[in-house]
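Novice: In the working numbering, the protein residues as written are 2 to 529.
Have a look at this one before I ask anything.
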């Protein structure tokens with residue numbers, strides 16, 4: 002698949018999938034409502050609404066949004082801004098804003114970027130809008146989890162218990178207020194699981210189409226959600242083997258059609274692998290090495306939590322031993338889903354849950370554990386002697402799961418770098434062009450066009466002439482963590498620039514013992 006399609010055709014494909022999903026929700030609404038009407042009372046809906054509002058308040062007010070993943074967040078916002086401006090799915094290598102951009106397909110699939118880009122059409126590009134949008138998506142995940150758990154376990158109290166645990170989960174709260182893919186991915190994983198549960202209740206072709214559309218969009222938010230497709234295939238095999246009433250031809254045709262929206266996501270992953278991107282280029286032995294290195298650490302991360310040891314693990318065991326037989330297959334499949342995510346994420350080069358930024362990769366596994374524990378929650382609450390004792394147990398579980406035990410603190414030196422960029426925006430020349438290793442950071446944080454120094458090294462003198470308009474436009478060099486990390490390339494660039502420009506610091510700061518900041522490059526009258 003060509004870069005041209007990924008840049009220009011892919012957003013339209015995702016919009017088509019999203020439109021089909023919305024249309025299927027609309028056409029199946031009566032069936033969906035009929036499945037929930039016997040399960041959820043008006044009081045149950047009111048309680049779920051209160052949990053949703055509490056989750057939203059936690060994510061917007063009590064724990065205000067802030068960066069957690071940094072450079073990925075800027076790349077996502079940059080791609081979403083390009084979608085909102087020109088309907089192009091691209092990450093800016095050079096230019097942007099008032100300068101025609103040079104684009105390449107981003108490393109991540111475009112499901113989140115299309116949604117955020119649509120929002121930017123209404124609000125204009127804004128990091129605040131991106132943060133708040135993700136906080137809303139994360140809070141909606143709590144509501145979808147309520148519906149899913151209530152449907153799986155035929156009990157609204159179980160749904161409320163699971164939703165309450167996710168609403169107060171520190172790991173989920175922490176990444177809810179970022180511009181990362183995690184909140185959107187979590188929401189679509191839950192939507193796909195809900196569609197799967199709905200199909201189990203009403204085995205009709207329209208419900209199957211809704212499931213396929215949900216799975217397709219979830220994979221187009223994060224590559225790892227292919228694990229969800231495999232899990233759904235096993236569940237469908239169980240359902241079809243049990244019912245024996247599947248119209249094979251119709252389902253086969255629709256399943257083949259479902260593969261179409263997956264092709265761009267798979268092609269993008271293969272493109273990343275071909276270009277040697279971090280996390281994609283490891284050979285099979287390298288993936289196994291990553292798994293051996295990260296899996297014990299990630300298991301230790303999970304087992305170090307009071308929530309898992311004292312709440313989720315006992316609830317899963319109780320559910321397995323005491324819940325109805327109809328619940329056990331779902332519990333097994335949810336545990337298999339969590340294990341699948343654990344293995345896939347651990348095989349990633351950056352798949353260590355104990356790192357402050359990649360800790361977000363634990364979310365799908367934790368989500369599967371909470372859902373699987375629903376079987377035990379139902380048993381415990383049904384055997385409670387009174388409503389008060391059941392409520393007390395849920396309150397205790399909520400407190401245990403809300404303890405802030407997760408991972409490490411955010412990378413403060415990255416936040417200091419971002420603050421330097423944002424605070425420098427007003428002091429930079431209005432028509433400045435910036436050389437920076439992370440152009441999206443400059444474009445989002447300082448609202449200036451930027452180009453990667455790698456392009457300057459490849460393009461040489463002619464590229465620099467284009468950037469500064471042969472002296473007509475201020476050119477600025479930004480030194481940050483990547484400047485020092487890629488010291489060899491930075492040294493070559495500095496020698497090239499020194500022969501053409503005089504350098505004057507505009508705004509700098511000492512971060513982690515190195516000088517970060519902006520340097521104005523003034524063109525020499527005679528260039529050697």
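Every residue gets a Cβ at the ideal spot worked out from N, C-alpha and C, and that includes glycine.
State the Cα-Cα distance for the pair residue 12 and residue 109, rounded to the nearest angstrom.
Specialist: 13 Å
Novice: Short of 6 Å in beta carbon distance, which residues of its chain neighbour residue 481, apart from the five on each side in sequence? Order them along the chain.
Specialist: Within the same chain, residue 481 has close Cβ partners 418, 517.
Novice: Write down the C-beta distance between residue 25 and residue 214 rounded to the nearest angstrom, noting that I regard them as a contact closer than 8 Å.
Specialist: 6 Å
Novice: Classify residue 122 as buried or exposed, calling it buried when 16 or more other Cβ atoms lie within 10 Å of its own Cβ.
Specialist: exposed
Novice: Looking only at its own chain, which residues have a Cβ that is under 8 Å from the Cβ of residue 78, when we skip the five neighbours before and after it?
Specialist: 117, 126, 128, 131, 180, 441, 445
Novice: Cα separation between residue 224 and residue 266?
Specialist: 7 Å
Novice: Is it buried or exposed, residue 520, if we count other Cβ atoms within 10 angstroms and call 16 or more buried?
Specialist: Buried, by the Cβ-count rule.
Novice: Please determine if the region 86-93 and the region 49-60 are in contact, where contact requires at least 3 C-beta pairs separated by less than 8 Å.
Specialist: Taking 8 Å as the limit for Cβ pairs, the verdict is that the region 49-60 does not touch the region 86-93.
Novice: Given 7 Å as the limit, tell me if residue 82 has its C-beta closer than that to any heavy atom belonging to the ligand MG.
Specialist: With respect to the ligand MG, the structure offers nothing, as it holds no ligand at all.
Novice: If distances are taken between C-alpha atoms only, which option among 135, 133, 233, 323 comes closest to residue 201?
Specialist: Measuring from the Cα of residue 201, the nearest candidate turns out to be 233.
Novice: On the criterion of 16 or more Cβ atoms from any shown chain inside 10 Å, does residue 178 qualify as buried, or is it exposed?
Specialist: buried
Novice: Would you mind working out which of 477, 206, 46, 82 sits nearest residue 143, comparing C-alpha positions?
Specialist: Looking at the Cα atoms, 46 is the closest of the given residues.
Novice: Keeping to the same chain, check which residues put their C-beta closer than 7 Å to that of residue 522; ignore five residues upstream and five downstream.
Specialist: 476, 477, 478, 498, 502, 504
Novice: Identify every run of the alpha helix (DSSP H) within the region 144-193, keeping only runs that are complete inside it and at least 4 residues long; order them along the chain.
Specialist: 157-168, 171-177
Novice: Opposite residue 471 in the DSSP bridges: which residues?
Specialist: According to DSSP, residue 471 bridges with nothing at all.
Novice: Can you tell me whether residue 205 is helix, strand or coil according to DSSP?
Specialist: coil
Novice: Given that a residue counts as buried once 16 or more other Cβ atoms are within 10 Å of its Cβ, and exposed if not, what is residue 407?
Specialist: In this predicted model, residue 407 has a pLDDT of only 48, less than 50, meaning its place in the structure is not dependable enough to derive any value.
Novice: Measuring CA to CA, which of 305, 344, 513, 216 is closest to residue 198?
Specialist: 216
Novice: Three or more beta-carbon pairs under 8 Å between the region 27-42 and the region 392-403, yes or no?
Specialist: no
Novice: My parser needs the beta strand (DSSP E) runs of 3 or more residues fully inside the region 251-338; what are they?
Specialist: none
Novice: Rounded to whole angstroms, what's the CA-CA distance from residue 343 to residue 366? Just pull it up for me.
Specialist: 6 Å
Novice: Over what stretch of residues does the beta strand (DSSP E) that includes residue 11 continue unbroken?
Specialist: Not the beta strand (DSSP E): residue 11 falls in the alpha helix (DSSP H), residues 11-28.
Novice: Is it true that the CB of residue 106 sits closer than 8 Å to the CB of residue 139?
Specialist: It is not a contact, given that the beta carbons lie outside the stated cut-off.
Novice: Express the C-alpha separation of residue 398 and residue 94 in angstroms, rounding to a whole number.
Specialist: When only Cα atoms are considered, residue 94 and residue 398 end up about 48 Å apart.
Novice: When you compare the CB positions of residue 423 and residue 436, do they come within less than 8 Å of one another, or not?
Specialist: no
Novice: Can you list the alpha helix (DSSP H) stretches of 4 or more residues lying completely in the region 357-438, in chain order?
Specialist: 364-373, 375-383, 388-402, 413-425
Novice: How would you call residue 318, buried or exposed, if buried means at least 16 neighbouring beta carbons within 10 angstroms?
Specialist: exposed
Novice: Between which two residues does the beta strand (DSSP E) holding residue 519 run?
Specialist: Counted as a single uninterrupted DSSP element, the beta strand (DSSP E) harbouring residue 519 occupies residues 515-524.
Novice: How far does the beta strand (DSSP E) with residue 511 in it extend, from its first residue to its last?
Specialist: Where residue 511 is concerned, the enclosing beta strand (DSSP E) starts and stops at 502-512.
Novice: Taking residue 495 as the reference, which of 461, 333, 473, 514 has the closest Cα?
Specialist: 461
Novice: Drop a sphere of 10 angstroms on the beta-carbon of residue 506, count the other beta-carbons inside from all chains shown, and report buried for 16 or more, exposed for fewer.
Specialist: exposed
Novice: In this structure, does DSSP put residue 446 in helix, strand or coil?
Specialist: helix
Novice: Given a threshold of 16 other Cβ atoms within 10 Å of its Cβ, counted over all protein chains shown, does residue 162 qualify as buried or as exposed?
Specialist: buried
Novice: Of all the options 338, 472, 305, which has the alpha carbon lying nearest to the alpha carbon of residue 235?
Specialist: The shortest C-alpha separation from residue 235 is found at 338.
Novice: Quick check on DSSP: helix, strand or coil for residue 52?
Specialist: helix
Novice: With a floor of 4 residues, list each alpha helix (DSSP H) that falls wholly inside the region 112-149, ordered by position along the chain.
Specialist: Here the runs fully enclosed are 112-124.
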